[in-house]
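Position 127, counted from 1, in the sequence shown is what my numbering calls 227; the numbers after and before it change by one each time, with no gaps. Heads up, the beta-carbon is just placed ideally off N, CA and C, and yes, glycines get one too. Reading through the structure tokens given below for one structure.
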Amino acid sequence: KNNIMICGVSIYELLTVTSILFFIGVYGFITRKNLISILISIELILNASVINFVVINKYLYPDMLQGVLFSIFIIAVAAAETALVVSIIINLYRQISSVEVKDVETMKYWKVWSPKTEDGSLKQERIKHKRTYIYFEKQ
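Okay, structure coming up:
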């Protein structure tokens with residue numbers, strides 16, 4: 101078979117580029133300290149795998165679309181994952197004013213408690229919209 105897919109670019113060159121992108125993403129995931137940088141590294145890994153699906157599908161089965169369909173599925177899952185992670189990061193930033201990994205790890209040392217009344221039952225304080233205050237006590 102002819103291993104030229106794009107005029108002047110072979111499958112080996114495309115797989116080399118996607119492998120480099122994949123390992124840059126792995127390196128960023130391992131070494132970064134910022135949650136947003138880690139998210140970008142995960143997206144880089146997913147995009148490299150999507151390009152690999154399309155390249156290998158086009159090379160092995162040029163008339164079939166399985167690789168393209170898998171790629172669309174991966175892109176959809178990655179978009180949902182990104183939306184979820186960004187919302188978690190925004191929520192963490194509102195609570196602790198930081199997106200650094202070391203600051204997020206400190207949250208596991210806090211426990212939730214409510215003040216007790218004289219009879220020992222838990223007291224819930226309410227505000228206008230019936231939200232309950234949660235008190236934090238450092239262990």
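- The alpha-carbon of T182 is positioned some 8 Å away from that of L139.
- By the C-beta density criterion, S187 is exposed, having fewer than 16 other C-beta atoms within 10 angstroms.
- N134: not part of any alpha helix (DSSP H); DSSP gives it neither H nor E.
- A direct Cα-Cα distance of roughly 36 Å separates L165 from T131.
- Here S149 carries a helix assignment [DSSP, helix/strand/coil].
- For E200, no alpha helix (DSSP H) segment is defined, and its DSSP state is neither H nor E.
- Rounded to whole angstroms, the separation of the alpha carbons of N134 and N157 is 35 Å.
- Taking K202 as the centre and dropping the five residues before and after it, the same chain places the C-beta of K133 closer than 8 Å to its C-beta, in chain order.
- By the C-beta density criterion, S171 is buried, having at least 16 other C-beta atoms within 10 angstroms.
- In this structure, the CA atom of S141 is about 19 Å from the CA atom of S198.
- Taking all protein chains in view, the Cβ of G108 is surrounded by fewer than 16 other Cβ atoms within 10 Å, so the residue is classified as exposed.
- Around the beta carbon of T118, 16 or more other beta carbons sit within 10 angstroms, so the residue counts as buried.
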